[in-house]
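With UniProt numbering applied, the sequence shown covers 1 to 177. From the three backbone atoms N, C-alpha and C, an ideal C-beta is built for every residue, glycine too. Since the model is a prediction, treat every value here as computed from it, not as a measurement. The block underneath contains the structure these notes are about, expressed in structure tokens.
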Amino acid sequence: MASQSIKKLAAANTEILNQTHLIAVVLNLIVIAILVVFKRPKSLIPYLIFSCPAFLCQFIIEQSARPVYAEDKLSGQRKLIKAGEDVKHEGLYEYMFDTMYITWIIDALMIVLGTNKVWWLYAIIPGFAIFKVVGLVKGFKGSSKAEKKPEEQEVPQKSKRQAKREANKNKVVRNVR
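Dropping the structure here:
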């Protein structure tokens with residue numbers, strides 16, 4: 001059973017990687033053709049600089065998620081050695097795919113608008129990173145408040161049900177006396 005899930009993971013990774021590479025190749029060829037033929041925008045340098053993070057993300061995902069096969073000498077069949085990391089998993093891969101998508105969107109906007117000023121939109125990525133770090137820091141500060149000394153901790157509020165029970169107990173004690 002585990003072998004089937006590993007094979008499904010390898011097939012899914014291969015499909016996602018092939019689609020990603022196809023989109024990247026087609027879009028980058030179109031961008032380069034428009035930059036060279038129409039000279040619009042005038043400079044190729046911003047495209048080369050700001051496309052590097054997307055190329056780097058693609059390379060990292062390719063290296064860690066591409067399944068590894070070996071040829072079986074006796075039967076001549078390909079045998080799955082390593083399925084690769086799950087690229088659909090949340091976390092770092094998700095951020096790498098987001099970086100690639102943002103770069104592709106900016107590439108398309110650069111083609112449509114014909115200006116390198118669209119690369120200012122790339123500030124979304126560090127802005128989002130700062131947003132995540134601030135949330136993480138606030139989470140740490142919130143957990144440090146919960147770790148106060150017992151005498152410093154606030155008395156927890158009682159629910160209505162608990163308050164009614166205590167009131168009824170006090171009534172019973174008063175009636176008995």
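A distance below 6 Å between beta-carbons, with the five flanking residues on each side excluded, links residue 34 to the following residues of its chain, in chain order: 111. If you look at residue 69, you'll find it in the beta strand (DSSP E) that goes 68-71.
Nearest in C-alpha terms to residue 58, of all of 75, 103 and 90, is 103.
Distance from the CA of residue 137 to the CA of residue 131, rounded to the nearest whole angstrom, comes to 10 Å. Closest in alpha carbon position to residue 96, among 62, 115 and 41, is 62. Excluding residues up to 5 positions away in sequence, 67, 80, 83 and 84 lie with their Cβ nearer than 8 Å to the Cβ of residue 10 in the same chain.
Residue 106 places its beta carbon less than 9 Å from that of residue 50. The region 27-72 contains, as complete alpha helix (DSSP H) runs of 4+ residues, the segments 45-65 (chain order). With distances taken between CA atoms, residue 8 lies nearest to 65 out of 65, 165 and 24. In terms of Cα proximity to residue 31, the closest of 18, 114, 12 and 60 is 114. Check the Cα spacing between residue 128 and each of 117, 142 and 99: the tightest is with 99. DSSP places residue 80 in no alpha helix (DSSP H) but in the uninterrupted beta strand (DSSP E) bounded by 78-82.
Taking a 10 Å sphere around the C-beta of residue 36, we find fewer than 16 other C-beta atoms and assign the residue as exposed. Counting other Cβ atoms within 10 Å of its Cβ, residue 133 stays below 16 and is therefore classed as exposed.
Take residue 86, set aside five residues on each side of it, and the residues of its chain with a beta-carbon closer than 7 Å to its own are 9, in chain order.
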